[in-house]
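Reviewing the structure listed below.
Residue numbers (the working numbering), protein chains in the order written: chain A, 680 to 795; chain B, 369 to 478.
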């Protein structure tokens, strides 16, 4: 098992551009989560999927943000018309079948977004 | 409003000292996780506690889950510079949702 992977690890973009991040969860896990984290703070929940269904979206997620998990495996998070306030670490985590506890999340290394 | 409150927010100690980090809530969780995170990396799982009153030991780290499953503590014995990082607790609530504390930033000076 290779763990949760995220791509890219770093992204620098100009204000107004669109960006897309990818997350590949642990293969047996049916739940996938996206979080945003700013420096020195805990992760803030953005959205989560059970299989391909998006079950909850945070109010933090404006209309410029969209997430998909089309086949219940990898997921993408797109931010349209980026703003400087979007600069943060975007974390993906998965949980579900196959771990020591179905309640436990395992995180990827994150994608660091910088909006100039 | 944070569902989970961690204290202290910052801790700077000398190598060899002991410390305790607290994670408190008014809500009940089905389980609670502790993570350690280094700058620029994702959180790395340290432990999951599930049963009220449970105590788990991981080398110099001791984790305790409160009897009512609302709070937890992490105790580090003889801290080392390699323990430096952001310690996060996360509670598993209803509908597979997780709630994070704001973290405790630990700095262990050699």
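Ideal Cβ placement from N, Cα and C applies to all residues, glycine included. Computed from a predicted structure; not experimentally measured.
Taking residue i as the query, report the chain A residues whose CB atoms sit under 8 Å from its CB, ordered along the chain.
| i | result |
| --- | --- |
| residue 328 of chain B | Residue numbering for chain B in the displayed model covers 369 to 478; residue 328 of chain B lies beyond these limits and cannot be assessed. |
| residue 436 of chain B | Those within 8 Å of residue 436 of chain B in chain A number zero; the least Cβ separation is about 17 Å. |
| residue 471 of chain B | 719, 720 and 721 |
| residue 456 of chain B | 721 and 722 |
Run through chain A and tell me which residues come within less than 7 Å of residue i, C-beta to C-beta.
| i | result |
| --- | --- |
| residue 394 of chain B | Result: empty, since nearest Cβ-Cβ is about 17 Å, beyond 7 Å. |
| residue 468 of chain B | 721 and 722 |
Here's the rule: buried if 16 or more other CB atoms are within 10 angstroms of the residue's CB, otherwise exposed. What is residue i?
| i | result |
| --- | --- |
| residue 464 of chain B | buried |
| residue 431 of chain B | buried |
| residue 782 of chain A | buried |
| residue 704 of chain A | buried |
| residue 437 of chain B | buried |
| residue 748 of chain A | buried |
| residue 784 of chain A | buried |
| residue 433 of chain B | buried |
| residue 466 of chain B | buried |
| residue 829 of chain A | In the structure as shown, chain A starts at 680 and stops at 795, and residue 829 of chain A therefore has no counterpart that could be examined. |
| residue 378 of chain B | exposed |
| residue 718 of chain A | exposed |
| residue 715 of chain A | buried |
| residue 763 of chain A | exposed |
Nearest CA to the CA of residue i: which residue from the options?
| i | options | result |
| --- | --- | --- |
| residue 416 of chain B | B:457, B:400 and B:405 | B:400 |
| residue 407 of chain B | B:452, B:437, B:477 and B:476 | B:452 |
| residue 723 of chain A | A:732, A:738, A:733 and A:734 | A:738 |
| residue 540 of chain B | B:457, B:393 and B:371 | Residue 540 of chain B falls outside the range modelled here, since chain B spans only 369 to 478, and no answer is possible. |
| residue 733 of chain A | A:684, A:713, A:743 and A:720 | A:713 |
| residue 707 of chain A | A:696, A:773, A:735 and A:758 | A:773 |
| residue 425 of chain B | B:435, B:445, B:373 and B:411 | B:445 |
| residue 429 of chain B | B:450, B:380, B:376 and B:410 | B:450 |
| residue 372 of chain B | B:380, B:387, B:391 and B:386 | B:391 |
| residue 775 of chain A | A:762, A:745, A:741 and A:728 | A:728 |
| residue 421 of chain B | B:380, B:398, B:376 and B:375 | B:398 |
| residue 419 of chain B | B:440, B:468 and B:380 | B:440 |
| residue 720 of chain A | B:375, B:461, B:460 and B:462 | B:375 |
Ordered along the chain, which non-local residues of its own chain (more than five positions away) have a Cβ less than 6 Å from that of residue i?
| i | result |
| --- | --- |
| residue 730 of chain A | 709 and 751 |
| residue 382 of chain B | 477 |
| residue 700 of chain A | 756, 769 and 790 |
| residue 389 of chain B | 442, 455 and 472 |
| residue 686 of chain A | 701 |
| residue 735 of chain A | 727 |
| residue 423 of chain B | 432 |
| residue 691 of chain A | 793 |
| residue 460 of chain B | 397, 398, 399 and 466 |
Cβ closer than 7 Å: which chain B residues qualify as neighbours of residue i?
| i | result |
| --- | --- |
| residue 731 of chain A | The contacting residues do not exist; residue 731 of chain A stays about 15 Å from chain B at best. |
| residue 770 of chain A | 410 |
Note down, in chain order, every chain B residue with its Cβ under 8 Å from the Cβ of residue i.
| i | result |
| --- | --- |
| residue 710 of chain A | 464 |
| residue 725 of chain A | Here the premise fails: no neighbours, minimum Cβ distance about 12 Å. |
| residue 789 of chain A | 408, 409 and 410 |
| residue 735 of chain A | 463 and 465 |
Once the 5 residues before and after residue i are set aside, which same chain residues still bring their CB inside 8 Å of it?
| i | result |
| --- | --- |
| residue 688 of chain A | 788, 789, 790 and 791 |
Output needed for residue i: all residues of its chain with C-beta closer than 7 Å, excluding positions within five of it in sequence on either side, in chain order.
| i | result |
| --- | --- |
| residue 448 of chain B | 383 and 476 |
| residue 413 of chain B | 401 and 403 |
| residue 766 of chain A | 792, 793 and 794 |
| residue 759 of chain A | 697 and 743 |
| residue 468 of chain B | 372, 456 and 458 |
Closer than 9 Å by beta-carbon distance: list the chain B residues that pair up with residue i, in chain order.
| i | result |
| --- | --- |
| residue 728 of chain A | Chain B residues near residue 728 of chain A: none, gap ~10 Å exceeds 9 Å. |
- Query: Whole beta strand (DSSP E) runs in the segment 688 to 772 of chain A with 3 or more residues, listed along the chain?
  - Reply: 689 to 692, 698 to 703, 710 to 716, 723 to 729, 732 to 736, 744 to 747 and 754 to 758
- Task: Any chance you could list the beta strand (DSSP E) runs of at least 3 consecutive residues sitting entirely within the segment 441 to 465 of chain B, in chain order?
- Result: 453 to 460
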